[in-house]
Amino acid sequence: MDGDICKTFIALRNSFSYLDKDETYQFTNDVDYCTDVKCDDDTGKINARCLYIFHTFFKDKSVFKKDAKGNIYIVQYILIWLSYMLNLIKTQEKNSIESFYKTYIKDDDKYNNNIDYIVGYNGYKDLIDRYYYILSMDMSIISKLYDAFNTLCDIYIEHDTNDPNCVNYSEKANQFLEKYKKIIIDHNIGENIRYFYVLINLLTDYDNLKNKCEKFPSTPDIKKIISENVCEVAPSSSSIASKLIPILSILVAIPIFLGIAYKCESFVSIWEDFPDTLTDDEKYQFNDKTFLNSYCFKYECGGPLEKMNAVFFHLINKFFGSSGLFNNNVKNNINAVEYILIWLSHMLNLKDKQGNILKTFYNVYIYNQEKYKNPINGVDGCRNYNDLIYTKKELMNITNEKLSKFYAPFKSLCKMYSRFNEKTSDCTKCLSDANEFVETYNKLNGDSSITNDSSCNKLLCTLSNDYDNFKKKYSDVKCPNSSFPAIEKPDH
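Heads up, the sequence shown is in my numbering, so the first residue is 1 and it goes up one at a time.
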């Protein structure tokens with residue numbers, strides 16, 4: 001997130017006022033939003049603003065990259081705003097949100113079939129469906145999330161325009177953290193792991209800002225806050241404690257499912273900008289020169305391997321370059337490095353199927369290079385990126401041809417996670433990807449040259465564990481686990 005993203009949301013906030021007495025809105029600036037949308041009543045005006053903000057961030061690929069910074073999670077913030085707005089409306093419908101969804105979103109062309117650049121999504125509706133659980137949150141939670149998000153946006157905007165030392169608005173940072181802590185200890189939060197998806201993104205966006213503002217207070221230790229509140233609740237409040245305690249186990253579960261989902265979203269962006277196939281004349285495809293220049297050493301990428309290195313560094317930096325809570329959870333599950341190396345091996349193997357080019361690439365472009373000396377925290381035994389990559393040094397001893405075979409099941413697995421939709425129990429969208437995954441996985445698991453190699457066996461374990469975690473997640477939303485093909489675990 002950045003100040004420009006926040007300015008869009010703040011403009012929306014300032015375009016209406018809520019008249020609590022008669023439970024109606026007073027909208028302003030309708031001319032900016034009601035261009036080709038009916039604005040006959042309050043819900044129509046809310047719909048116009050909802051479409052406007054989706055157009056602002058997701059209208060096409062260039063807008064998504066430039067204005068949304070390629071981050072799908074912005075949809076969470078859009079839906080917090082939408083839910084907050086709709087919950088204030090008094091209607092004859094018991095559920096104004098469900099009525100709004102059926103009336104404006106479900107079958108409207110403006111929300112459907114207007115995206116072709118994000119894997120697994122055909123329109124705004126698909127993005128909404130993925131995070132629909134936000135729309136089903138109780139107003140007591142939504143209002144707190146909306147308030148915390150607005151405070152964070154105020155800080156981002158002030159940071160863009162005021163003293164870079166952040167002294168003048170450190171008080172707002174304290175306000176944000178206090179609001180965040182209040183959300184954590186609210187008894188409703190312990191009821192659903194999905195609330196934490198939003199909380200993690202809020203805290204990550206705060207932490208990214210804190211990296212630029214040394215005087216800001218540190219991010220709170222969620223486990224400590226929860227533990228303290230569990231210990232302090234009175235016996236009469238045992239029901240609250242019983243809802244807080246599961247959060248500790250939730251925090252353990254987050255790296256498992258959310259971690260791989262986050263990794264896959266990052267790879268989806270890479271696949272769009274840097275396709276994993278060659279052109280007809282056997283050349284790599286690098287579609288986003290501006291993006292590449294941001295990561296090339298000395299802003300120069302003289303050849304395809306230098307560009308490949310730029311993308312590789314981008315992935316490492318994205319997963320391990322921030323100290324935010326979300327990235328801390330990824331750090332606790334550093335098999336992200338395995339997947340990044342598998343991607344690199346596949347890309348190198350497109351051109352050179354002989355020998356061990358991955359080790360050569362490491363020696364030339366990674367080892368002892370300044371960018372890979374960036375310090376990291378939270379990974380035992382690793383001072384910097386170079387140390388982190390070296391923890392997977394055994395993969396560099398696998399021939400490039402063999403290691404690249406793991407790419408197909410990994411990509412199928414990522415497609416499953418990317419298509420995952422908690423709003424529906426329809427398994428069919430992910431089932432074809434699951435069948436692809438199992439087919440390629442079983443080929444590897446039945447190949448003695450793979451299973452007799454301990455390093456390859458570890459990769460099989462990583463893939464099988466992430467597949468089983470996905471099956472469990474789907475069964476949690478009442479999609480029959482049995483509909484997904486089973487796989488055999490590799491021998492340890």
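By construction, the Cβ of each residue, glycine as well, lies at the ideal position given by its N, Cα and C atoms.
Could you give the residue range of the alpha helix (DSSP H) that holds residue i?
| i | result |
| --- | --- |
| S412 | 407–419 |
| A48 | 42–58 |
| T360 | 357–361 |
| K371 | Run containing K371: none; DSSP gives neither H nor E here. |
| Q285 | It is not in any alpha helix (DSSP H) - Q285 carries neither H nor E in the DSSP assignment. |
| Y77 | 74–87 |
| S136 | Careful: S136 lies outside any alpha helix (DSSP H) and carries neither H nor E. |
| I342 | 336–349 |
| T8 | 3–13 |
| K125 | 124–130 |
| T451 | 448–451 |
| F216 | First-last for F216: undefined, no H or E at that position. |
| L403 | 400–403 |
| A310 | 304–320 |
| E98 | 96–100 |
| D387 | 385–390 |
| S62 | 61–66 |
Excluding five sequence neighbours on each side, which residues of the same chain lie with their C-beta closer than 6 Å to the C-beta of residue i?
| i | result |
| --- | --- |
| K125 | I105, Y111, N112 |
| I5 | none |
| D433 | S412, K415, M416 |
| F57 | D67, A68, I74 |
| C213 | C166 |
| F267 | C414 |
| G303 | none |
| I316 | Y385 |
What is the C-beta distance between residue i and residue j, in whole angstroms, given that I count them as a contact (C-beta under 8 Å)?
| i | j | result |
| --- | --- | --- |
| S455 | I398 | 6 Å |
| F410 | K371 | Actually they do not touch by this definition, with Cβ atoms about 25 Å apart. |
| Y365 | L403 | Their Cβ separation, rounded to whole angstroms, is 17 Å, which puts Y365 and L403 out of contact at 8 Å. |
| F496 | Y77 | For residue 496 there is no data in the structure shown, the boundaries of the chain being 1 and 492. |
| N114 | G123 | 5 Å |
| T451 | P490 | 6 Å |
| L127 | I72 | 7 Å |
| M396 | K359 | 4 Å |
| L431 | S483 | 6 Å |
| L202 | Y180 | 7 Å |
Nearest to residue i by CA position, among the options, is which residue?
| i | options | result |
| --- | --- | --- |
| F319 | I366, D67, P409, L388 | L388 |
| G446 | T219, K393, E488, K283 | E488 |
| F437 | N386, G321, M416, L152 | M416 |
| K351 | Q26, G302, K283 | K283 |
| I142 | L127, Y84, K172 | Y84 |
| S418 | F64, Y131, G3 | Y131 |
| K7 | D107, H159, K373, K471 | H159 |
| I118 | N374, D108, S140, K61 | K61 |
| Y407 | K392, S15, Y362, Y441 | Y441 |
| Y385 | L460, I357, I334 | I334 |
| I134 | M308, W81, D109 | W81 |
| D42 | K59, N71, I89, A11 | I89 |
| I200 | I184, N469, G3 | I184 |
| G70 | D109, C50, S448, D2 | D2 |
| F100 | L444, C50, C264, P217 | C50 |
| D109 | V63, L79, V37 | V37 |
| D129 | L79, D40, Q26, S140 | L79 |
| S345 | Y367, N368, K405 | K405 |
| Y197 | N211, M137, C39, D40 | M137 |
Can you list, in chain order, the residues of its chain with a C-beta nearer than 8 Å to that of residue i? Leave out the 5 residues immediately preceding and following it.
| i | result |
| --- | --- |
| F176 | A148, T151, L152, I155, Y206 |
| P275 | Q285, N287 |
| E171 | none |
| G381 | D387, T391 |
| Y367 | N386 |
Within a Cβ cutoff of 7 Å, which residues of the same chain sit near residue i, ignoring the five residues on either side of it in sequence?
| i | result |
| --- | --- |
| R13 | N150 |
| K392 | V337, E338, L341 |
| N435 | P485 |
| E401 | N349, K353 |
| I97 | S83, L86, L135 |
| K182 | K144 |
| L278 | Y284, L350 |
| M347 | D276, M308 |
What I want to know is whether the C-beta of residue i ends up closer than 7 Å to one or more non-hydrogen atoms of the ligand MG.
| i | result |
| --- | --- |
| N386 | This structure lacks the ligand MG, and indeed carries no ligand of any kind. |
Three CB pairs or more closer than 8 Å across the stretch 37–57 and the stretch 167–176 | Judged by Cβ distances under 8 Å, the stretch 37–57 makes no contact with the stretch 167–176, as fewer than three pairs qualify.
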